[in-house]
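J.:
Residue numbers (mature numbering (1 follows the signal peptide of the UniProt record, and there is no 0)): -22 to -1, 1 to 1124.
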């Protein structure tokens, strides 16, 4: 919602952060970022009169709209206007005031602004008046003329009765004008400057509490006075009366704000800083602009004059001497719970260990919280306490119980404060400060809190399942000030309703996730919005079926973990959908692999999963077992100059495998699997081959084209030509099951890291897939529309396929002589080599394709009888480079598929030669001082591709360059691989392949800046125009914007524009109508009114006549009837005679 549209909503639902004591509550340990952000004016301190400039700004105030961004109002004194800035989009600015003057819309040196009851009050200083306008500046009204009565009033305050306080700066007093009165009374000061406690000397800003107590910035006395209502003198509460820069002194204080804890925040004009004084303290502390100097840098101020707080507790300062308004961001709390980063392959043990049993937690342990130090907090409903353990220590470290009654939920912040539900009997949430033995009320509620959450701003959230809503207490509000942010209090399934909400989660953007138990769904509420989107469960098709979800957590990537309570399981989301992770056997139970009505979950810092198992009266711990995605095939990492011996050795020949070997697969243990197209037999051999088989599986006469071996050594085999299926041969058994139903042969098979099985349906001109764990053999289309063709969504006899770690699909499109790449879940491909690509390389029926670790391609160019590869220098021929079919050691004849062993050696099914060839990687080809000679061969079917011959003396480190992310490689024959990698910090693995950095180059999208907020969490600072956890969402500036008079909202890069219809309408939101149109509208309305009046008179006449006739027996029409009859009688009768004339004579 843009700026001027804010105000229609604000009139209905408004909270204002002004100088009222119960509107600001900050803990004494809060700190602020010392680098200020310019939110109005120019950061370099230059003044001006343009829209985005200021000139000696004075008073400021912030409008807090819970449904949108806060709005800043600045008295732009020398420009005689009020500047209004929407703080979420600081380039959205407008001004109030038409220039210098005394007209109702003009100002003369406005010095302060104040907001109350959806009205803006402005002290129009040189015009000696106070004006009131609407929040967008319309309807200006003069509410107070103080001509001749006061001497230079500067700051103002309006109380709830609309009475006006003014600081009479040169009159050295504070005065009060009751509403609609031009007569004032003095509430502080004598009117004579002095240093006694009953005197003031040039007072500026002041603060008024609910009971009328004033805190006054007594500027030239360099002190803050507390002046009780009705008192004749004040008490010094800050400053010692002498100007100075020590923390016991103030220098020309010009504004003051007091929070609910009686902490005093002071704007020091003379010291160019902001200080905080705690109650009854003789010293203050600097909290912003603490360099000790004045200036224009981000850490400095220059004679600031006023300050304000937003709803999060950030400080805004009117930086008078720098012609700008600065924001000092409150330092956010670190995330206090563990949010591990999991891969899609992560699994947990199905059998849990009991972390805490009934002897400690009693019955019904409802809630669980584990902090980043792995301290475990469990709310014990039956014992009315919270128990605290250190993980793996069975004896509780402490318990929290004083004053609690049946607590349902618990939450712990990063500073150790413990928030506990105490709503069953006491209607509140209690806060236990670390090392304290008693609690204080943190939030008053109407019933129990089934879920508690404290966000990084220290705002508190409570899900009241019995009230069907979620409430929030802002960090700057008192404990009795809450607002409903989800649900309307009535049970229901509409987008703005909840039914028994339980667990809640709030992300760093203050978006809210709710486990909506009795609606069997998870609801997502964007920050400030009351209508939710269902993201899992009932109402969210193609997600997962839930039965009373009771808790929800998000991992570091924003994936969901859900307690599916009545289904007695824990489920999670990932890129391809949802899966069950623990409690996946059907039914409730008490064995180690079962749960019985789980309620909450939490992770420790190692990624282990803890579950409160309610009916079993225990807390279960499921250990993380597999964290990384592993593949079953080899993906070597080659250097740029890697080459292979051009003369191959025969790995297996026709004596062993028969004729036409079709597909080969070599696993990470270098066991080779081979399928024969003609016989359908499966051959298994060791890495050495030598025409020796480990196993030969003969299944009779079947045509088979492909196979793939999974991590668990199950073998997936094509049986599409005969039985229309893909079979899974289960390792170490004789069992064979169907994994996929297909309509024709699978020329190639592939299983990606998500256990999705792909089949290249050659005759159907498409690639299909199925999720193996779904236990469904039905398929969906991954590429191709089933019709042969060369469009981006079509294939022509697709053969080899490969899926990379990013789930991109590569297809050897044989009939189109090209290789297609399909981005994850996309049906339109991009040609990366061959016909239609930007490369000059010509392919003829590519049949196989694999990628190395660097994602470089190796392609079986079948009809050209060669293998080609790519690198940063483009494509080149690898083996079979004579491009002539033959049976010599350096020749191939219709090769079909390739595979690498763990050493980088290349294996090729040389189909028409009835053999499998092994091309050895040249260990000397990666020397940094390689001497190359390049020869070129050409053929009828190919462009010229280089082949490289190398002479070098390199080590295995030079050849393989195995250490990633700048790790150091050291050769050694006594190591497993002949080398060892020494990794930089934040990287590990045998080849430094695992990047453990929280902030990776692609963590934050769209040029967002990644900031590590703790040892386990990051926060993305998005560029303007982007939002979301990872800056992945583009701001829709037209959302909730209404262009009036049928105008159309057009989204811009950093804003929006209302396009008005014709020339009849204008304005930012087409809200203004030109004079001619207004005239026409008035004329039209006038005619309409006349017509309505005429019709109304006729109707009234008819009703009047009916009343006379039927109520009084008076019928005016009947009275006239005898007269009319008499007239008729006097008229002579008319006689007509008709004479018949026969025109036909006889």
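Cβ atoms here follow ideal geometry from the backbone N, Cα and C, with glycine treated the same way. Since we're looking at a predicted model, the values are computed, not measured.
What residue from 1055, 1016, 1057, 1056 has the CA that sits closest to residue 1037's CA?
T.: Against the chain shown, residue 1037 aligns to sequence position 1059. Closest by alpha carbon: 1016.
J.: How would you call residue 1146, buried or exposed, if buried means at least 16 neighbouring beta carbons within 10 angstroms?
T.: The shown model of the chain, from -22 to 1124, leaves out residue 1146, and the question about it has no answer.
J.: Going by the CB atoms, is the gap between residue 261 and residue 10 shorter than 8 Å?
T.: Counted from its first residue, the chain shown places residue 10 at position 32. Counted from its first residue, the chain shown places residue 261 at position 283. Not closer than 8 Å, so no.
J.: Thinking C-alpha only, which one of 186, 168, 187, 211 is nearest residue 180?
T.: Locating residue 180 in the chain shown gives position 202, counting from the first residue. Of 186, 168, 187, 211, the residue nearest in Cα terms is 168.
J.: Would you say residue 135 and residue 186 are within 8 Å of each other, going by their C-beta atoms?
T.: As a first step, residue 135 must be located in the chain shown, where it is residue number 157. As a first step, residue 186 must be located in the chain shown, where it is residue number 208. Cβ distance < 8 Å, so residue 135 and residue 186 count as in contact.
J.: Closest to residue 1026 by C-alpha separation, out of 1045, 1011, 311, 1012, would be which residue?
T.: Numbered from its first residue, the chain shown carries residue 1026 at position 1048. Among 1045, 1011, 311, 1012, the Cα nearest to that of residue 1026 is on 1045.
J.: Assign residue 1007 to one of three DSSP states: helix, strand, or coil.
T.: By 1-based counting over the chain shown, the position of residue 1007 is 1029. Correct three-state label for residue 1007: coil.
J.: Taking residue 42 as part of the alpha helix (DSSP H), name the residues at either end of that continuous run.
T.: Taking the chain shown and counting its residues from 1, the one referred to as residue 42 is at position 64. Careful: residue 42 lies outside any alpha helix (DSSP H), inside the beta strand (DSSP E) at 35 to 42.
J.: Only counting the same chain, and skipping five residues up and downstream in sequence, which positions put a Cβ closer than 7 Å to that of residue 411?
T.: As a position in the chain shown, residue 411 is number 433, starting the count at 1. Closer than 7 Å at the Cβ level, and outside the excluded window around residue 411, lie 395.
J.: Taking the continuous beta strand (DSSP E) assigned at residue 1070, which residues delimit it?
T.: Along the chain shown, one-based indexing puts residue 1070 at 1092. Not the beta strand (DSSP E): residue 1070 falls in the alpha helix (DSSP H), residues 1053 to 1089.
J.: Locate the beta strand (DSSP E) running through residue 644, then write down its first and last residues.
T.: Against the chain shown, residue 644 aligns to sequence position 666. Here the beta strand (DSSP E) through residue 644 covers 639 to 644.
J.: Can you tell me the Cα-Cα spacing of residue 385 and residue 361, whole angstroms?
T.: Walking along the chain shown from the start, residue 385 turns up at place 407. Walking along the chain shown from the start, residue 361 turns up at place 383. The alpha-carbon atoms of residue 385 and residue 361 are separated by roughly 9 Å.
J.: Between residue 843 and residue 862, how many whole angstroms is the CB-CB distance? I'm expecting something under 8 Å.
T.: Locating residue 843 in the chain shown gives position 865, counting from the first residue. Locating residue 862 in the chain shown gives position 884, counting from the first residue. Rounded, the Cβ-Cβ distance is 7 Å, consistent with contact.
J.: When the Cα atoms are used, what is the spatial distance from residue 152 to residue 164?
T.: As a first step, residue 152 is located in the chain shown; it is residue number 174 there, counting from the start. As a first step, residue 164 is located in the chain shown; it is residue number 186 there, counting from the start. About 6 Å.
J.: Cβ of residue 78 within 8 Å of Cβ of residue 62?
T.: Working through the chain shown from its first residue, we reach residue 78 at position 100. Working through the chain shown from its first residue, we reach residue 62 at position 84. Cβ distance not < 8 Å, so residue 78 and residue 62 don't count as in contact.
J.: Rounded to a whole number of angstroms, what is the C-alpha to C-alpha distance between residue 275 and residue 250?
T.: In the chain shown, the residue the question calls residue 275 occupies position 297. In the chain shown, the residue the question calls residue 250 occupies position 272. For residue 275 and residue 250, the distance between alpha carbons rounds to 12 Å.
J.: Quick one: what's got a C-beta closer than 6 Å to residue 115's C-beta in the same chain, skipping five residues either side?
T.: For the purposes of this step, residue 115 is identified with residue 137 of the chain shown, where counting begins at 1. Cβ within range, chain order: 74.
J.: In terms of residue numbering, what span does the alpha helix (DSSP H) encompassing residue 251 cover?
T.: Walking along the chain shown from the start, residue 251 turns up at place 273. It is not in any alpha helix (DSSP H) - residue 251 instead sits in the beta strand (DSSP E) that spans 251 to 255.
J.: What beta strand (DSSP E) runs, 3 residues minimum, are completely inside the segment 679 to 723?
T.: Counting whole runs of 3 or more residues, the segment 679 to 723 contains the beta strand (DSSP E) stretches 685 to 687, 693 to 697, 703 to 707, 714 to 719.
J.: Taking Cβ positions, are residue 76 and residue 57 nearer each other than 8 Å?
T.: By 1-based counting over the chain shown, the position of residue 76 is 98. By 1-based counting over the chain shown, the position of residue 57 is 79. Not in contact: residue 76 and residue 57 (Cβ atoms no closer than 8 Å).
J.: Buried or exposed: which applies to residue 1073, given that a residue is buried once 16 or more other Cβ atoms fall within 10 Å of its Cβ?
T.: Sequence index remark: in the chain shown, residue 1073 carries index 1095 (1-based). That one is exposed.
J.: Please report how far the alpha carbon of residue 25 lies from the alpha carbon of residue 316, in whole angstroms.
T.: In the chain shown, counting from the first residue as 1, residue 25 sits at position 47. In the chain shown, counting from the first residue as 1, residue 316 sits at position 338. If I take the Cα positions, the gap works out to 47 Å.
J.: Do the segment 863 to 880 and the segment 578 to 588 touch if we need at least three Cβ pairs shorter than 8 Å?
T.: no
J.: Please check the pair residue 999 and residue 312, which I expect to be a contact at CB under 8 Å, by giving their CB distance rounded to whole angstroms.
T.: Here the question's residue 999 lines up with position 1021 in the chain shown. Here the question's residue 312 lines up with position 334 in the chain shown. Wrong, their Cβ atoms sit about 16 Å apart, outside the cutoff.
J.: Measuring alpha carbon to alpha carbon, tell me which of 673, 616, 657, 656 ends up nearest residue 663.
T.: The residue given as residue 663 occupies position 685 in the chain shown. Of the candidates 673, 616, 657, 656, the one whose C-alpha sits nearest the C-alpha of residue 663 is 673.
J.: Given this structure, state the Cα-to-Cα distance separating residue 454 from residue 334, to the nearest angstrom.
T.: Translated into the one-based positions of the chain shown, residue 454 becomes position 476. Translated into the one-based positions of the chain shown, residue 334 becomes position 356. Their backbone Cα atoms lie some 37 Å apart in a straight line.
J.: Whose C-beta lies closer than 6 Å to the C-beta of residue 590 among residues of the same chain, with five residues either side of it excluded?
T.: By 1-based counting over the chain shown, the position of residue 590 is 612. Around residue 590: 343, 346, 577, 578, 597.
J.: How many whole angstroms separate the CB atoms of residue 438 and residue 420, which I take to be in contact at a CB cut-off of 8 Å?
T.: As a first step, residue 438 is located in the chain shown; it is residue number 460 there, counting from the start. As a first step, residue 420 is located in the chain shown; it is residue number 442 there, counting from the start. 6 Å between Cβ atoms; contact.
J.: Can you list, in chain order, the residues of its chain with a C-beta nearer than 7 Å to that of residue 337? Leave out the 5 residues immediately preceding and following it.
T.: Stepping through the chain shown from its first residue, residue 337 is reached at position 359. Here residue 337 has no same chain residue with a Cβ atom under 7 Å from its own Cβ, once five neighbours each way along the sequence are excluded.
J.: Leaving out five residues on either side along the sequence, give the residues of the same chain with a beta carbon under 8 Å from the beta carbon of residue 130.
T.: Your numbering for residue 130 matches position 152 in the chain shown. Here the set comprises 103, 146, 147, 148, 149.
J.: Return the chain-ordered list of same chain residues with a C-beta closer than 6 Å to the C-beta of residue 1087, the five sequence neighbours on each side being excluded.
T.: For the purposes of this step, residue 1087 is taken as the residue at position 1109 of the chain shown. If we look at residue 1087 and ignore the five residues flanking it on each side, its Cβ neighbours are 1093.
J.: State the DSSP-derived secondary structure class of residue 939, mapped to helix, strand or coil.
T.: To locate residue 939, count along the chain shown from 1; it is residue 961. Residue 939 falls in the coil class under three-state DSSP.
J.: What's the call for residue 519, buried or exposed, on a 16-neighbour Cβ count within 10 Å?
T.: Locating residue 519 in the chain shown gives position 541, where the first residue counts as 1. Flag for residue 519 reads exposed.
J.: The beta strand (DSSP E) spanning residue 244 covers which residue range?
T.: Start at 1 with the first residue of the chain shown, and residue 244 comes out as number 266. Its beta strand (DSSP E) spans residues 242 to 246.
J.: Do residue 288 and residue 48 come within 8 Å of each other at the CB atom, strictly closer than that value?
T.: Along the chain shown, read from residue 1 onward, the residue named residue 48 stands at position 70. Along the chain shown, read from residue 1 onward, the residue named residue 288 stands at position 310. Cβ atoms of residue 48 and residue 288: closer than 8 Å.
J.: Alpha carbon to alpha carbon, how far is residue 969 from residue 282? Give it in angstroms, no decimals.
T.: Along the chain shown, one-based indexing puts residue 282 at 304. Along the chain shown, one-based indexing puts residue 969 at 991. Cα-Cα distance, rounded: 56 Å.
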